[in-house]
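As structure tokens, the structure follows; a few thoughts come after it.
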Ligand code: MLC
Ligand code: AMP
């Protein structure tokens with residue numbers, strides 16, 4: 003039965019007895035063995051009563067079994083919903099409820115906190131730990147492996163990936179099989195991935211970058227991956243000599259450059275370094291070339307669209323730019339007020355259209371209509387400018403968004419919490435330059451008259467509710483927030499005032 007994503011990415015593993023994954027202890031998992039793991043997952047999903055189109059939520063540590071959950075979902079035709087391991091149970095509750103996940107799989111450490119939440123959301127809860135044990139692992143052993151993929155078309159949903167919203171409510175981006183597959187084909191070809199490639203994979207696998215850009219591209223190319231649980235710099239340096247390519251967020255590259263062991267010799271054999279998910283400073287690009295002789299290839303994408311643009315493989319990889327639209331992707335710069343296309347060279351909103359663009363937000367028709375035009379163009383909320391040679395530069399964001407270490411953080415979600423804190427009248431959350439993470443989260447609070455808020459206690463309380471990467475690295479107390487004549491908080495003024503807050 004047809005299942006385009008399975009047929010292109012997973013079916014070819016059946017005859018591969020060479021390594022698909024190399025693990026930190028140097029052990030390997032062959033392509034065929036990984037496919038068997040995926041088939042066991044699919045068998046257990048079917049045994050748990052999941053049918054094509056049902057949603058499977060997973061919040062598990064990175065491991066080969068965790069990656070096999072994705073493959074198993076593709077085989078069973080189940081919609082894969084990966085969740086950041088840093089999310090608190092409160093945050094997970096929203097995703098389970100909103101997506102109507104039939105099954106949720108978590109680490110056993112989280113099972114106690116998530117049991118009542120899953121029950122409330124009508125989801126079955128099972129466990130899978132990074133060592134491959136847990137109640138779902140038992141179910142995999144007990145079930146008959148499912149080798150025949152569910153019948154799916156390219157328009158069927160493959161994944162639901164949540165992105166935070168400007169109003170605080172996360173939106174589930176619906177990605178079809180075609181969305182994922184079209185992007186993998188383009189990236190494999192453009193970046194020249196082949197079966198000889200070994201990707202050093204140190205990204206999390208709950209986001210587009212580590213899950214789709216990295217994994218799908220390597221699966222399609224028939225290459226392999228050194229699969230590290232974390233982007234630990236020691237481990238990167240230990241494994242780089244065995245890799246041909248690395249995909250990372252800019253923090254990977256700044257951390258490597260900070261390490262004297264990261265030398266030209268160490269990476270002389272490497273074919274390709276790719277960066278994305280957050281802006282790579284031109285100075286990092288230049289320092290990297292000076293140290294290694296390699297020019298990092300920067301590309302630009304998002305959850306809703308997977309990848310949109312890339313610097314060229316052969317031509318000039320221009321520092322500070324994200325290159326050209328990918329083959330098959332149309333891109334224009336529009337006026338934020340009128341939506342009209344602007345002349346080349348002007349700054350405006352980046353809009354994209356192509357087979358990569360998602361199918362809309364899960365059960366949010368108004369939000370879908372607001373961001374995805376009827377003619378198929380998606381309004382990214384990023385501000386860009388195209389130079390005379392056609393290179394796109396991202397010059398800012400229309401959306402109030404902070405990107406720290408490649409994770410997106412919407413200030414509104416944190417402001418809503420801070421506003422409720424004892425002694426706080428109002429708050430504003432901003433991103434300011436951070437030497438390691440690109441941007442760091444800073445909370446600015448105005449106290450109630452006569453109050454002296456306990457910032458330590460406020461941050462500790464916030465940690466109970468929100469994932470740690472969202473917690474402000476510091477809180478500043480001010481008498482009042484700068485506002486324009488319309489009463490809107492002027493975050494630019496705050497960003498300017500506190501721009502050196504995290505300077506070393
Ligand atoms: C970890 N912490 C962060 C953070 N990551 N804080 C802010 N932003 C981040 N990104 C916090 C932890 O909560 C912890 O806080 C402390 O920092 C140390 O945590 P850690 O786990 O030791 O951090 P580390 O492993 O060093 O990870 C840092 C990182 C990682 C930047 C390498 O965050 C990472 O891998 N980021 C990649 C994100 C990604 O894949 N994005 C792609 C999105 S897809 P405390 O308080 O406990 O000390 C997308 C589309 C596209 O955007 O274009 O690709
Ligand atoms: P996400 O919601 O995680 O999909 O994040 C997507 C956002 O990350 C985009 O809208 C951009 O703002 C940002 N982004 C991704 N790649 C780049 C890049 N190379 N340079 C600057 N910003 C980027």
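Numbering (this note's numbering), first residue to last: 3 to 506.
Backbone N, C-alpha and C fix where the C-beta goes; we use that ideal spot for every residue, glycine too.
Query	Result
The region 390-400 / the region 414-427 touching (three or more Cβ pairs under 8 Å)	no
Nearest-residue set for the ligand ATP, Cβ under 7 Å from any heavy atom	Ligands in the displayed structure: the ligand MLC and the ligand AMP; the ligand ATP is not one of them.
DSSP bridge partner residues for residue 409 (one or two, in chain order)	406
C-alpha distance - residue 88 paired with residue 367, whole-angstrom precision	29 Å
Cβ neighbour criterion (16 or more within 10 Å) applied to residue 133	exposed
Outcome for residue 310 when other beta-carbon atoms lying within 10 angstroms are tallied against a minimum of 16	buried
Proximity of residue 108 and residue 116 at Cβ, strictly below 7 Å	yes
Heavy atom of the ligand MLC within 6 Å of residue 500 beta-carbon	no
Whether residue 160 touches residue 7 by CB criterion (7 Å)	yes
Residue 255 beta carbon less than 7 Å from that of residue 286	yes
Residue 399 in three-state terms, based on DSSP	strand
Exposure of residue 304, with buried meaning 16 or more beta-carbon neighbours within 10 Å	buried
Whether residue 186 touches residue 222 by CB criterion (7 Å)	yes
Unbroken stretches of the beta strand (DSSP E), 3 residues or longer, contained in the region 274-359	274-277, 299-304, 308-312, 332-336 and 350-355
Residue of 12, 18, 350 and 101 minimising C-alpha distance to residue 57	101
Opposing strand residues paired with residue 176 [DSSP bridges]	162
Meets three-Cβ-pair contact criterion under 8 Å: the region 200-212 and the region 448-455	no
Local Cβ density within 10 Å of residue 112, reported as buried at 16 or more and exposed below that	buried
Beta-bridge partners of residue 435, as assigned by DSSP	441
Entirely enclosed alpha helix (DSSP H) segments - the region 71-133, minimum 4 residues	91-101 and 110-123
Proximity below 7 Å, CB of residue 235 to CB of residue 266	no
CB contact flag (residue 484, residue 443, <7 Å)	no
Span of the alpha helix (DSSP H) around residue 140	137-144
Under the three-state DSSP convention, the category residue 229 falls into	strand
Rounded distance between the beta-carbons of residue 432 and residue 496, thought under 8 Å	5 Å
Run of the alpha helix (DSSP H) containing residue 22, from where it starts to where it stops	That residue, residue 22, is in no alpha helix (DSSP H); its beta strand (DSSP E) goes 21-24.
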